[in-house]
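Shown next, in structure tokens, is the structure this report addresses.
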Amino acid sequence: MDESMRMGQALQQLAILIERFAPSDGTHPTSVPSLMLMRATQLSEPLESVYKPSICVVAQGAKTATLADEIYRYDPSTYLVTSVELPIVGRIVEATPDIPYLSLKLSFDTDVILDIVKEMNRPDTVQAEAARGITVNRTTPALLEAIVRLMRLLNTPDDIPVLAPLIIREILYRVLQSDQGSLIHPFAVNGSHAHNIAQAIQLINRQYDRPLVIEQLAKSVNMSTSAFHKHFKRVTAMSPLQYQKTVRLQEARRLMLTETVQVSDAAFRVGYESPSQFSREYARMYGRPPRLDVQEIRGSMAGSSS
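If you want this note's numbering, it's the position in the sequence shown, counting the first as 1, plus 8.
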């Protein structure tokens, strides 16, 4: 069977399995803790979230992921990999009731990446320069077939504890074999610039509501301030302060939308001392003041539901 036939067959099987375990629109957890499924029958509004290290594979439709000003599109021929926690704006750009958008997200531990690399008989070299923490790779039949095997385990939950970790290792191995695999490896190597930046990102995400002192953060990951700035921007496409601001504003927006938190309360909860500064920065990022933005989104969501 040639490669295109294997791809087509694997994508068809994957779409059937996702529809079986994600029968309605929305995000669906599975019996494999690190595996989430998504289905959508219409295009989506931009949805913000912090993507953890993960692989996103599409069986039908297409989606974009925006980081700062960079847009990454992925569909059945490509898949998205994030190697660190990144504030992403996701948007489904191809979906219809007849051909719904079907995808999965598989989160992974970077320690497993390092463990696999050690067994790959490759020279243990790490790039001196950190790479972007997000990339789009070409989908291969071998990768899809491994993902289909993982999905089939959902039919036999008793097999999951033993077999799922083995299949996930194979999936990650296939990712590391890709053209972009060498960009993912450094994030798992202790002491590399990429790994240091990943640690700093985790600190920012855990303490985004606290003042950010760049010199202290750089020192905590054993980097000079200048090197820290340089490599942080390489990984995230933004400065540390821009990254923190993005995470703060995304969380504030979520609080106002999903928990009906008032504007000033949301500002204080994400670390702003001045609601007016919060409103200015919010409007700069989203194009309108917080209260108006939330009203517009709720109106749009109500219209979609009806």
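Beta carbons: idealized from backbone N, C-alpha and C, even for Gly. Since the model is a prediction, treat every value here as computed from it, not as a measurement.
Residue interval of the beta strand (DSSP E) (run including residue i)
i, result
"M44", "L43 to A48"
"T143", "I142 to R146"
Which of helix, strand or coil DSSP assigns to residue i
i, result
"L94", "strand"
"E56", "strand"
"V354", "An answer regarding residue 354 cannot be provided, because it is not within the stretch 9 to 314 covered by the chain."
"A139", "coil"
"V2", "There is no way to answer for residue 2, as the model of the chain reaches only from 9 to 314."
"V89", "strand"
"R218", "coil"
"S186", "coil"
"L51", "coil"
"N318", "The structure shown does not extend to residue 318, since the chain is modelled only from 9 through 314, so no value can be given for it."
Of the listed residues the options, nearest to residue i (C-alpha basis)
i, options, result
"E127", "E93, P219, E178 and L43", "E178"
"A150", "V243, L25 and V183", "V183"
"T220", "M231, A202, G199 and Q250", "In the sequence under discussion, the amino acid at residue 220 is Leu, which differs from the Thr named in the question. Considering only alpha carbons, the answer is Q250."
"G279", "K60, P297, A202 and L257", "L257"
"D33", "M231, E93 and D106", "D106"
"A291", "P194, Y87 and A260", "A260"
"N193", "L122, D167 and I142", "The question names Asn, yet the displayed sequence has His at residue 193. Answer by Cα proximity: L122."
"I79", "V66, V101 and A67", "V101"
"S62", "E93, G295 and T266", "E93"
"V40", "E153, L114, N145 and H203", "L114"
"A172", "V302, R14 and L158", "L158"
"A67", "R160, F240, T86 and F236", "T86"
"P54", "V97, T143, H203 and V120", "V97"
"M15", "D187, P298 and E153", "E153"
"H203", "E137, M293 and A48", "E137"
"M264", "E304, M246 and L112", "E304"
"Q270", "P298, S282, R288 and T244", "P298"
Start and end residues, alpha helix (DSSP H) containing residue i
i, result
"R81", "R81 -> not in any alpha helix (DSSP H); beta strand (DSSP E) instead, spanning E78 to Y82."
"A18", "E11 to F29"
"P37", "It is not in any alpha helix (DSSP H) - P37 instead sits in the beta strand (DSSP E) that spans G34 to P37."
"F236", "T233 to T244"
"M264", "P248 to T266"
"E289", "P283 to Y294"
"L162", "Segment: none, L162 is in no alpha helix (DSSP H) and carries neither H nor E."
"A103", "Segment: none, A103 is in no alpha helix (DSSP H) and carries neither H nor E."
"L191", "G189 to I192"
Neighbour-count burial assignment, residue i, 16 or more Cβ in a 10 Å radius
i, result
"S284", "exposed"
"T254", "buried"
"G69", "buried"
"I24", "exposed"
"P95", "buried"
"L22", "buried"
"L174", "exposed"
Bridge partner(s) assigned by DSSP for residue i
i, result
"Q68", "L110"
"T73", "Per the sequence shown, residue 73 should be read as Ala rather than Thr. Per DSSP, Y80 and G98."
"R115", "The question names Arg, but residue 115 in the sequence shown is Ser. DSSP, once it has assigned bridges, lists S62 as partnering S115."
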